[in-house]
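Peer 1: Let me give you the structure first, and then I'll get to my questions.
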Amino acid sequence: MKEKKSPSFWISFTGDWVAATVTTITITPVVAIIDRAIVSNAAGTVSLKSGLYQGCKELTHPLKFARQPNVLAVSLVYFATYGAANSADTISRHLNQPPGLPILISSSAANMGFAIWKDQFLARLYGGSTNPKPLPLSSYSLFAVRDVLTMGACFTLPPYLSEAIQEHYPKLGKAKSDTLSQFLLPTSMQLITTPLHLLALDIYNNPTKTISDRVRFLIRESPATLLTRMIRVLPAYGCGGTVS
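As numbered in our numbering, the sequence shown has no gaps in its residue numbers, which increase by one up to the final residue, 1643.
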């Protein structure tokens, strides 16, 4: 016989998606501006600085900004990701199972599916080509690896790092250790995921480039993009992970 879910379970489950909605509304504006600026910069159509400035200017018209396709795409990604992660946590705890692996699997599945769709959508929308082409398999693969690493750093690893911090620095306490872990891991992972992200975009924008050209591109674009994506990941998975 299947176990009947208690009312408290359904309250928690509903709360998971309410929290995902609040988190999405909170973080989407910053993430959408940065994502569009990075894609446009990688394509060589608009500089990173100009793209960020233009995006911030558009915030002065919030209703118009909220209807932009890149904003709607980003909203879908984070609503699905946080909803899946929160729900997996609630279901696992209800079944008295460790939540780490279910959270990683569910958040990665949701994030990879929607984020890869979002990235190819933005690449085609802001790539500067008059005849947008399909995203190549190599770019899809790089985005997939990027997203698995990101989900691990955002949802699965922070509790373990928090425990280690509490063990070595007990005076910090659980709340401060949790917050520190939630901010430290996602930003640190950008050292690996930012080059993967840029390489995926460059393969799409310039499929005939040589390896040496791609290395020069990464050396040139990585520092500014790394800093920007570290700022981006703070609301997306640092503050967002804390709020959600």
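C-beta: ideal position from N, C-alpha, C; glycine also.
If you drop the 5 nearest sequence neighbours on each side, which residues of the same chain put their C-beta closer than 7 Å to that of leucine 1548?
Peer 2: Residue mapping note: residue 1548 aligns to position 149 of the sequence shown, counting from 1. Hits under 7 Å: Met1588, Ile1591 and Thr1592.
Peer 1: Just curious, the alpha helix (DSSP H) that valine 1547 is in, first and last residue?
Peer 2: In the sequence shown, counting from the first residue as 1, residue 1547 sits at position 148. Residues 1536-1550.
Peer 1: Does the distance from the C-beta atom of leucine 1584 to that of leucine 1617 stay below 8 Å?
Peer 2: Within the sequence shown, numbered from 1, the residue matching residue 1584 stands at position 185. Within the sequence shown, numbered from 1, the residue matching residue 1617 stands at position 218. For leucine 1584 and leucine 1617, no; Cβs fall outside 8 Å.
Peer 1: Take leucine 1600 and list the residues in its own chain whose beta-carbon comes closer than 7 Å to its own, dropping the five residues that flank it on each side.
Peer 2: Within the sequence shown, the letter at position 201 stands for residue 1600. For leucine 1600, where only same-chain residues beyond five positions count, the Cβ hits under 7 Å are Val1438, Ala1441 and Ala1522.
Peer 1: Roughly how far, in whole angstroms, is the beta-carbon of phenylalanine 1554 from the beta-carbon of isoleucine 1515, given that I think they are within contact range, below 8 Å?
Peer 2: Numbered from its first residue, the sequence shown carries residue 1554 at position 155. Numbered from its first residue, the sequence shown carries residue 1515 at position 116. That belief does not hold up - the Cβ atoms of phenylalanine 1554 and isoleucine 1515 are roughly 18 Å apart, past 8 Å.
Peer 1: Is it the case that the CB of threonine 1423 approaches a heavy atom of the ligand NAP more closely than 7 Å?
Peer 2: No copy of the ligand NAP occurs in the structure displayed, which carries no ligand at all.
Peer 1: If distances are taken between C-alpha atoms only, which option among Phe1478, Leu1597, Tyr1539 and Pro1606 comes closest to alanine 1623?
Peer 2: As a first step, residue 1623 must be located in the sequence shown, where it is residue number 224. Ranking the options by Cα distance to alanine 1623, first place goes to Leu1597.
Peer 1: Taking the straight line between their C-alpha atoms, what separation do you get for alanine 1484 and valine 1614?
Peer 2: The residue given as residue 1484 occupies position 85 in the sequence shown. The residue given as residue 1614 occupies position 215 in the sequence shown. Roughly 35 Å separates the two Cα atoms.
Peer 1: Rounded C-beta distance between serine 1486 and aspartate 1546? I'm assuming under 8 Å.
Peer 2: Counted from its first residue, the sequence shown places residue 1486 at position 87. Counted from its first residue, the sequence shown places residue 1546 at position 147. So it is not a contact: roughly 18 Å between Cβ atoms.
Peer 1: Would you call the region 1459-1475 in contact with the region 1490-1508, where contact means no fewer than 3 C-beta pairs closer than 8 Å?
Peer 2: Taking 8 Å as the limit for Cβ pairs, the verdict is that the region 1490-1508 does not touch the region 1459-1475.
Peer 1: Apart from the five residues just before and just after serine 1506, which ones in its own chain have a Cβ nearer than 6 Å to its Cβ?
Peer 2: Position 107 of the sequence shown, counting from 1, holds the residue named residue 1506. For serine 1506, where only same-chain residues beyond five positions count, the Cβ hits under 6 Å are Thr1480, Ala1483, Ala1484, Met1550 and Phe1554.
Peer 1: For phenylalanine 1582 and cysteine 1455, what's the separation of their Cα atoms in angstroms?
Peer 2: As a position in the sequence shown, residue 1582 is number 183, starting the count at 1. As a position in the sequence shown, residue 1455 is number 56, starting the count at 1. Computed Cα separation, rounded: 24 Å.
Peer 1: Helix, strand or coil for arginine 1435, going by three-state DSSP, please let me know.
Peer 2: Within the sequence shown, the letter at position 36 stands for residue 1435. It is helical.
Peer 1: Take the Cβ of proline 1428 as the centre, count every other Cβ of all protein chains shown within 10 Å, and call the residue buried at 16 or more, exposed below.
Peer 2: The count along the sequence shown starts at 1 and reaches residue 1428 at position 29. It counts as buried.
Peer 1: Return the chain-ordered ranges of every alpha helix (DSSP H) run that is complete within the region 1414-1469 and spans a minimum of 4 residues.
Peer 2: Within the region 1414-1469, the complete alpha helix (DSSP H) runs of at least 4 residues are 1447-1457 and 1461-1465.
Peer 1: Helix, strand or coil, according to DSSP, for glycine 1482 in the structure here?
Peer 2: Position 83 of the sequence shown, counted from the first residue, corresponds to residue 1482. The answer is helix: DSSP assigns glycine 1482 an H, G or I state.
Peer 1: Specify the secondary structure class of glutamine 1496 as computed by DSSP and reduced to three states.
Peer 2: Walking along the sequence shown from the start, residue 1496 turns up at place 97. Looking at glutamine 1496 - three-state DSSP - the assignment turns out to be coil, as it is neither helix nor strand.
Peer 1: Per DSSP, what kind of secondary structure is asparagine 1510 in: helix, strand or coil?
Peer 2: The residue given as residue 1510 occupies position 111 in the sequence shown. Three-state result, asparagine 1510: helix.
Peer 1: Tell me the rounded alpha-carbon separation between valine 1473 and valine 1632.
Peer 2: Along the sequence shown, read from residue 1 onward, the residue named residue 1473 stands at position 74. Along the sequence shown, read from residue 1 onward, the residue named residue 1632 stands at position 233. Going by the C-alpha atoms only, they are around 13 Å apart.
Peer 1: Might you give, ordered along the chain, the residues of its own chain that have their beta carbon closer than 8 Å to the beta carbon of valine 1430, omitting 5 neighbours on each side?
Peer 2: Stepping through the sequence shown from its first residue, residue 1430 is reached at position 31. Contacts found: Val1473, Tyr1477, Arg1631, Pro1634 and Ala1635.
Peer 1: Report the three-state DSSP secondary structure of lysine 1608 (helix, strand or coil).
Peer 2: Mapped onto the sequence shown, residue 1608 falls at position 209. Coil.
Peer 1: Would you call the CB atoms of proline 1606 and proline 1535 closer than 8 Å?
Peer 2: Position 207 of the sequence shown, counting from 1, holds the residue named residue 1606. Position 136 of the sequence shown, counting from 1, holds the residue named residue 1535. Yes. Within cutoff.
Peer 1: Between Ile1610, Trp1409 and Thr1609, which lies nearest to threonine 1489 when the distance is taken from Cα to Cα?
Peer 2: Along the sequence shown, one-based indexing puts residue 1489 at 90. Considering only alpha carbons, the answer is Trp1409.
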